[in-house]
Each structure stands twice: as structure tokens, then as C-alpha cells.
Amino acid sequence: MLSIEPLGLSANQWQFLSDSGVQRYVDASGGKLLLQSTRRQFLTARDILARLNGSQGEKERRGILLADDAGLGKTTVAALVAWIVASAGEKRGVRILAPNDVMVRRWEEELLSHVEPLQKCAPALAVNKNRVKARTVQRLSPGSIQVVKHSYASQDFNLACDLLIVDEAHRAKGENTAFSKALKRQRNSARRVLILTATPFSIRLDELERMLALIGGEAARSPVRAFSRALDNLYSGDASRSCKDVAERLAGKASAAVEALRPFVIRHGIDDLPREQVSFGDRADWPLAVPKARIEELELMLRMERALRVAKDNGSQATKATNDARFHVGWRHLDAIREKLEEEAPQLAEPAKVVVENQLKSIKRLRSAVGVHSKMAAVGDAVRLSIEQGQKVLLFCHHHATAQELTIHLESVTPKLAPPRLPPVAVWRTAWDEVLAPPGDGRFEEHLRDGFIEWLCADLIRAQTWDWLSAAPVTTAKLVRALAETHARHSVGGETVAEAAQRLCDALLESASSRAVLQAATERPELLPGANGGSRVLGVCEPSEGKTEKRLFIHNTQPDTVISIFNSPFGPDVLVVTDKLSEGVDLHRYCRHLIHYELDPSPIRTVQRNGRIRRVNCWAAVSGQPVLYAYPAFGGTRDLRLVQIMKKRIDSFSLLLGGVQDFDVEEVVGSEEDWRNSVIAIARRRLRESGGQLRAREPGQR
64 MLSIEPLGLS
74 ANQWQFLSDS
84 GVQRYVDASG
94 GKLLLQSTRR
104 QFLTARDILA
114 RLNGSQGEKE
124 RRGILLADDA
134 GLGKTTVAAL
144 VAWIVASAGE
154 KRGVRILAPN
164 DVMVRRWEEE
174 LLSHVEPLQK
184 CAPALAVNKN
194 RVKARTVQRL
204 SPGSIQVVKH
214 SYASQDFNLA
224 CDLLIVDEAH
234 RAKGENTAFS
244 KALKRQRNSA
254 RRVLILTATP
264 FSIRLDELER
274 MLALIGGEAA
284 RSPVRAFSRA
294 LDNLYSGDAS
304 RSCKDVAERL
314 AGKASAAVEA
324 LRPFVIRHGI
334 DDLPREQVSF
344 GDRADWPLAV
354 PKARIEELEL
364 MLRMERALRV
374 AKDNGSQATK
384 ATNDARFHVG
394 WRHLDAIREK
404 LEEEAPQLAE
414 PAKVVVENQL
424 KSIKRLRSAV
434 GVHSKMAAVG
444 DAVRLSIEQG
454 QKVLLFCHHH
464 ATAQELTIHL
474 ESVTPKLAPP
484 RLPPVAVWRT
494 AWDEVLAPPG
504 DGRFEEHLRD
514 GFIEWLCADL
524 IRAQTWDWLS
534 AAPVTTAKLV
544 RALAETHARH
554 SVGGETVAEA
564 AQRLCDALLE
574 SASSRAVLQA
584 ATERPELLPG
594 ANGGSRVLGV
604 CEPSEGKTEK
614 RLFIHNTQPD
624 TVISIFNSPF
634 GPDVLVVTDK
644 LSEGVDLHRY
654 CRHLIHYELD
664 PSPIRTVQRN
674 GRIRRVNCWA
684 AVSGQPVLYA
694 YPAFGGTRDL
704 RLVQIMKKRI
714 DSFSLLLGGV
724 QDFDVEEVVG
734 SEEDWRNSVI
744 AIARRRLRES
754 GGQLRAREPG
764 QR
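Residue numbers for the sequence shown follow my numbering, so the first one is 64 and each next one is one higher.
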């Protein structure tokens, strides 16, 4: 192993991170930070700095893996570390690799948010906003913090720096990805490495081993590998063994792995932080009653599989998959494949042609008989009930076709909102003009402010706002008072309607992409979700080809506008998204209901998705009601099996690192599965405290 070049920081330069400095820093942030969360983040930053630098009794480390749960502020911790490394004593260069443009902007905002508090609480660091070089690909100068996308590492640029921070580093776990190869090739260019990910492995533990290699944690690889073998043995070994003996062995291997990981890995789980629970709210399963597949639905899928298999054996190009997972969660993709197959069938040779054409006739008949997909209908009923109760709902899909079909169905069952007849729109416009910050305060151009007010006066937004007002104000003065005094979405202690509107306006104008949308919306108001003609349901996926359905979809690479509006009380109540919004974005301010309509096979996505709505100061904490996660499964199909597999993989993940929510699901029937479930339950009881061993500790604490 290469020797570690000294970093040469003085521990005195991060003394402001002590417990005594937390309150002062929170005050300096203007109340944007929470005391208990900031205290933990300060402790974590101190621990990372001590280990990287070899200070206060800690052994000097090449790198650290910060694997906190999503929502615990890994970016905040890493931003503090970056500023100290860049600004303390001799100026040092810091590079931050973020996965996409959205995350690059989030990093820039996070770094800049610490400038003023650091200037007040740590003036010796001489922090300056000009040191942040977001999206700037150039030679790294001393004292600079460069923020670029992951793709930068895969190009012919040298990653030489004093500290390399890799965000959402689970994207580098795949052995053959370009990003993984680039990091492996250039890992010795950086003097220190800080890796951030809530999910350091997904399915196989060799992914964690590769991450350990990036930070100089090879010493932990053997115990991790031993636990991996024990885990494999659980699923492939003899199920007649004693549950207790197997569980004890598994728990022993896990404990040894955790002990070996302690010098290199820091992890906190939300549920392991009782002092911060009030800021995150509680959580619970949201059981959705999905009926088992009907005979007609099963026959439909089986006939499609048969038709595709026969056609494929005879050269058909309709699809590569004969039993596509999308067939089990919706009918849109099945319909599309059926149309392609109908076009190809006449060209097939006999007897394949006759077989396929007969199957297609039966498929057409069955498709007409089954109607709306049973799972989609059940989820639609649950979503409708939730929004009738004033809730926002977030639904995740894995495929665009499924997201399209789900969006269209939810729109069809969602109750429509009628705007109030009185007061007239002119009164609303005048009231909002008085409520919002004046146009001359320098925050935004007057025409952009006027465009935002027009959006607030759209039918849907007026109908929503009217529902929250306890009285029936018909004059401008009364409406102004009601907007300033009424809490949005009937919350107690949350934002008033006026405060929420101002925060949303500021958020839209702080983002360059949202400003551009607001600018264009002056002529095309439909660009803003919830504008006139807008729907209570919005799909963030590839738009449907149907002209009448296009208003239900938004699909672009700059989702800031959608995120900001969903994070307000206004606009669409239901957001159907793909996994593009499963990481690095906040969707928690007014939403506590999340449905995994369609799962990705990797538990990474599941954990990342859940982290979108359970974060500091989330709607669950504000409303005093739990975050609800739903994993609806279509019984009798592959969909149920996928949910069951996901549960097993999350069980495996939580055995080693803990802090991951378990969820209920109908279990596979069979003695071997019952045996494995018993082993995991016993092992989990043994390991209840193991995850806590990876928490940040005071430097020198053993």
C-alpha cells in the first residue's frame, strides 16, 4: 500500500465545531439549521477531519466512507469538511464529484449557505464565496472548491487534489462502469478521499469491498468477505440446520465485519437518533389492499408470453423479453407490444403465424374484458382517498410506460376542484400583490413577479387556497389578512399561505432553470404545473403520445420547477416519477405518503426513494403524522415476487449496517423461506446494537 502523505491540518482550526459552538452557528445561519442535527453533523465533521488528518489520537486515514441514512445531511457534513480543508492554514484544493447538474447546483447552494456562518464563527478560515467553482473544469488552484459532475472523472482530467469528495458514490460500485474504472485509475491522485452514500452496497458485498479499496480500507475486506459468504450460505445452504446456530454464526460474522469497518466507515440511522426524532417524524407501513390477479389477467399475461416466445423463435423483433415485468403492473406496454406483434405476425412462417395470430385474437378479447389493471385500480383508490384528506402523494415507477399509464389513471379517478366564484380573480390578484414582497426590493424583475401572481390566480391554485381558508373573505383586505394568518394545508405551526407563496417564489427565482420557465410561462402558462388547464396529477416521465394527455406530463433534465412546486402546498397533489428523482432531491416539505408502485431490483433505489420524504423538518414532523411507505404487490404474479426479493435484500443490508426500514409483505409459502425468516429475525435481535458502533465518535474515543 502506498504511504499516506500528511495533510498537515491543525485541529485548532476546527474548534468552532465543538459542542459549545453549535448554538452560535445555528444562530449565525439565521435559524435555517436545527440544533440537534447540527450538533451531530459537527461531531461527524470533527471525527472525519481527525481521522483524515491523524489528529487527537486518531490514526491517519487515506479515506472515510460516510454512509448516513438519506436525509441526515451528508452534504452538510461534507461541505463543512471541504471548507476547513480548503481554508485552514495552507490553502488546499478540494474536488467534489456530483452525479448530475441538479446535484451540482445543490452542492453549490450548500457550500454558499455556510459562507456567512463560517465568517462569523470561524473568521480565521477566511472563507469566501469566490472560492466555490461550480461546473468549472480547470486546473485546481489552492484554496478552491471545485464542483463538477461524475463524468469529469471519466475524461482525461487529472483528479489531483488534497481532498476528493465523491457524492452518491453507489454509482461507482459497479466494477465495470466507466466511473468506477476512472476512480480506481485515479484514486492515488487525491491525498484524501471522502465517499458519501446511504447505500454502500446493494446486492453483493463485493461492491462494498471495492469502495473500501478507494479509501484505503483493505484491512476490512476479509471480515466483510467472511460475512458475505455466511450470507450466501443462508440462501443456498441446508435449511434443516438449527435456526439458532446459523443465526449465531451469521451475527458473529456481521459483528466482526462491523468492528473491522469502524476505522473507515461512519453511519447513522434516523431511528438510532432519539434526540432528532421530532425533526424527522415517525414512519409506518401503508398497507394497500391489492387483489390477487384474476384468472383473466393471468391468462392475458400467459398468452402474451406464449405469443412472444413463438414469434421470437421465428425472428420477431417485437421485444427482447417474453415475460416483461411491465406486463405485471399495467397494460400500456402490453398493448404497445401487441400492436407491434400484430404488424409482424403476417410475415411469420407457418405454423408460427397461425399460433401467434390465434393468441393475438384471444389477447384482444381478454384485454377488452379485464379493463383497468387491478393493481392500478387499487392504488388509484388509495391515492384518491389520501388527496381527499388533503395529502400530497409521491409514486415511484421503474419504467416510463408504467408511469404514463399510472398518471393517466390517477387523473381519471382524482376528484376535480372547482375554483370559488367569489371573490373574483381581480381581487385575488390584488391581494397577492399586497402579500408578496414588493417588486422593487431587487429580488426579481417585476414581470416575473406578475407571472407568478397569475399562476397563484389559476383555477386549481385558487381552489386549493380557498379550501384552506377558514372564513369566506370576499374583499381584498379580508383576503390579504386570511392569506397572512391561515396555515397552508390546515397545518398547525407550519407556514402560513402567504409565507409558503413567498418561499416558493424565492425558490423559483433562485434557480436559473426555473427563472427561464417562469419567463416562458408569461406566454405559455401551462409550463408551470397547476396553471389553468393543469391537473392535480403530474407525471415526470416521457410524455404520452396522446394529445389530450400531454398536459399531464413534464419531462426535462432540469426538474427544479417541479421540485419547488411539489415542495409547496400549491400545485399538483400527486407526483408520479421515475428513478431520476430518487436521489439528491428533496420532496418532503408537504408530502408524507410514498408508494413504490414499481420496484427496481436494487435496494439502493428503495432506500434512496424513501429518503426523499423523510428528512429534517419534513411534513411528517410538521403535521405530527407519520411518513407512510407503501409496497403494493400484485398477488399471483412476478410483481409480488419482486417485492418479496426486495424485502430480503433490505433485510441483508440492515443485518450489517442497520438503520434501514423493514416492511411487511406477504411471505413466500414454504418451509425453507420460513426457516430463513427465522434465522434473520434471531440474527437481527443479536445485532440490534451493532449498527450503532459505526456512529461518529469524539476523536480518540474507542
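Positions of the beta carbon are idealized from the N, C-alpha and C atoms, including for glycine.
Do residue i and residue j have their C-beta atoms within less than 8 Å of each other?
i, j, result
"valine 353", "alanine 323", "no"
"serine 854", "arginine 357", "The question about residue 854 has no answer, for the chain in this structure spans 64 to 765."
"histidine 213", "leucine 271", "no"
"isoleucine 258", "glycine 126", "yes"
"lysine 557", "valine 685", "It should be noted that the sequence gives glycine, not lysine, for residue 557. Yes, the Cβ-Cβ distance between glycine 557 and valine 685 is below 8 Å."
"glutamine 76", "glycine 152", "yes"
"glutamate 508", "glycine 393", "no"
"leucine 703", "alanine 693", "no"
"cysteine 306", "serine 645", "no"
"arginine 338", "valine 690", "no"
Shortest alpha-carbon distance to residue i belongs to which of the options?
i, options, result
"threonine 493", "Cys520, Leu480, Pro483", "Cys520"
"asparagine 116", "Ala74, Ala141, Gly602", "Ala74"
"aspartate 444", "Leu615, Ala108, Val637", "Val637"
"glycine 597", "Val640, Cys654, Ile524, Lys183", "Ile524"
"valine 433", "Ala744, Met364, Val679, Ala232", "Met364"
"arginine 430", "Asp398, Met274, His331", "Asp398"
"alanine 49", "Ala223, Ala216, Cys224, Leu294", "Because the chain spans 64 through 765 in this model, residue 49 falls outside it and cannot be assessed."
"alanine 142", "Val679, Val229, Gly687", "Val229"
"alanine 261", "Leu96, Thr585, Leu644, Asp131", "Asp131"
"arginine 672", "Ile471, His651, Val679, Ala563", "His651"
"leucine 705", "Asp663, Gly687, Glu359", "Asp663"
"histidine 659", "Ser252, Leu97, Leu351, Ala241", "Leu351"
"valine 442", "Gln410, Ala133, Ser475, Val648", "Ser475"
State buried or exposed for residue i, treating a residue as buried only when at least 16 other CB atoms are found within 10 Å of its CB.
i, result
"glycine 93", "exposed"
"proline 180", "buried"
"asparagine 221", "exposed"
"asparagine 630", "buried"
"asparagine 193", "exposed"
"valine 341", "exposed"
"lysine 710", "buried"
"threonine 107", "buried"
"leucine 58", "This structure cannot settle anything about residue 58, because the visible part of the chain is limited to 64 through 765."
"lysine 479", "exposed"
Who are the near neighbours of residue i in its chain, counting only those whose CB is closer than 6 Å to its CB and skipping five residues on each side?
i, result
"threonine 139", "Gln104"
"proline 536", "Leu542, Ala545"
"glutamate 68", "Arg254"
"methionine 64", "With a pLDDT of only 41 at methionine 64, under 50, the local geometry of the prediction cannot be trusted, and no value is derived from it."
"alanine 563", "Ala551, Ser631, Pro632"
Would you tell me roughly how many angstroms separate the C-alpha atoms of residue i and residue j, rounded to the nearest one?
i, j, result
"leucine 268", "serine 243", "16 Å"
"histidine 461", "threonine 700", "17 Å"
"cysteine 681", "lysine 455", "13 Å"
"serine 715", "arginine 748", "14 Å"
"glutamate 761", "serine 100", "16 Å"
"arginine 447", "valine 639", "14 Å"
"glycine 674", "tryptophan 170", "18 Å"
"valine 580", "arginine 566", "17 Å"
"arginine 552", "valine 165", "28 Å"
"tyrosine 88", "alanine 583", "40 Å"
"valine 498", "alanine 594", "20 Å"
"cysteine 184", "isoleucine 208", "20 Å"
"threonine 611", "leucine 246", "47 Å"
"valine 490", "leucine 473", "33 Å"
"arginine 248", "alanine 276", "12 Å"
"arginine 202", "methionine 274", "26 Å"
"serine 449", "alanine 683", "14 Å"
Within a Cβ cutoff of 7 Å, which residues of the same chain sit near residue i, ignoring the five residues on either side of it in sequence?
i, result
"lysine 613", "Pro606, Ser607"
"serine 577", "Leu571, Asp623, Thr624, Ser627"
"valine 732", "For valine 732, the predicted model reports a pLDDT of 49, less than 50, meaning its position is unreliable and no value from the coordinates is stated."
"serine 150", "Leu188, Ala189, Val190, Gly206"
"arginine 389", "His396, His462, Ala464, Thr465"
To which residues of the same chain is residue i closer than 8 Å at the C-beta, ignoring the five residues directly before and after it?
i, result
"threonine 641", "Phe459, Cys460, His461, His462, His463, Ala466, Val603, Cys604"
"alanine 408", "Ala374, Lys416, Val419, Glu420, Leu423"
"alanine 320", "Ala283, Pro286, Val287, Ala289, Phe290, Leu719"
"arginine 168", "Ala197, Ser574, Asp623"
"tyrosine 653", "Lys455, Ala551, Arg552, Phe629, Asn630, Ser631, Pro632, Trp682"
Could one say the Cβ of residue i lies closer than 8 Å to chain B's Cβ atoms, at least one of them?
i, result
"glutamate 736", "Looking for chain B here will not work: only one protein chain is present."
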